[in-house]
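Inspection log for the structure reproduced underneath, given as structure tokens.
In the working numbering, the protein residues as written are 13 to 238.
Written out as structure tokens, the structure is:
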């Protein structure tokens, strides 16, 4: 169980820097993200209290657990070998925050993430006040559950792009447009980093960016000028 992880670290027997991801939420686009990482060789696990979501995840070949992340004793029973970070992606801000906080001891504060709070529900002052009671906010300030749901619903896809000396992060931004949402960065050594609002990773040549982008019917990229 997850409660063994902090002790294992102290004893020096924990596996170094596990790169797998625990997804809280197994709705359609959370499954899409998880499946992309799974197919790229990363260990993923999903938790959801909606049986239809769990069944769909299992049909897609994903490890999925039918549990309530808040009420059930998830930390005691999940096999999280190889998993080192949590992404809380549900439509409920409070559930996301509670899920993130409950895994701080297991994964460390820097490795628990949640979606930004839904638009218009909190003032900037409130965001500062509650920031210590949440996970790290993912992707970009506008990338709420509603926003990402809309992006997927209007044709966005997940794509992996290599960064080179000739095609740097600025070129990536220019190529894919402002609607692109970087999700993860994969380093040359296989480390997986989530893009977070507070301290996003800095892509370098040899890295790969996994991002939510728009493509038109012929496979070319949609930009504001297209």
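Don't be surprised by glycine CBs; every beta carbon is placed ideally from N, CA and C. Treat the numbers as computed from the prediction; the structure is a model and nothing was measured.
- Counted as a single uninterrupted DSSP element, the beta strand (DSSP E) harbouring residue 171 occupies residues 168-174.
- DSSP links residue 100 through a beta bridge to 36, 126.
- Collapsing the DSSP output to three states places residue 105 in a helix.
- Residue 118: member of the alpha helix (DSSP H) spanning 116-119, first to last residue.
- Between residue 202 and residue 174, the gap from beta carbon to beta carbon reaches 9 Å or more.
- Residue 148 is bridged by DSSP to 125.
- Here DSSP, grouped into helix, strand and coil, assigns residue 227 to strand.
- Boundaries of the alpha helix (DSSP H) harbouring residue 160: 157-165, taken from the DSSP string.
- With respect to the C-alpha of residue 226, the residue from 211, 214, 193 having the closest C-alpha is 193.
- Within the model, the alpha-carbon separation for residue 207 versus residue 79 is close to 27 Å.
- A straight-line Cα-Cα distance of about 30 Å links residue 31 and residue 166.
- When secondary structure is reduced to three states using DSSP, residue 61 falls in the coil class, being assigned neither helix nor strand.
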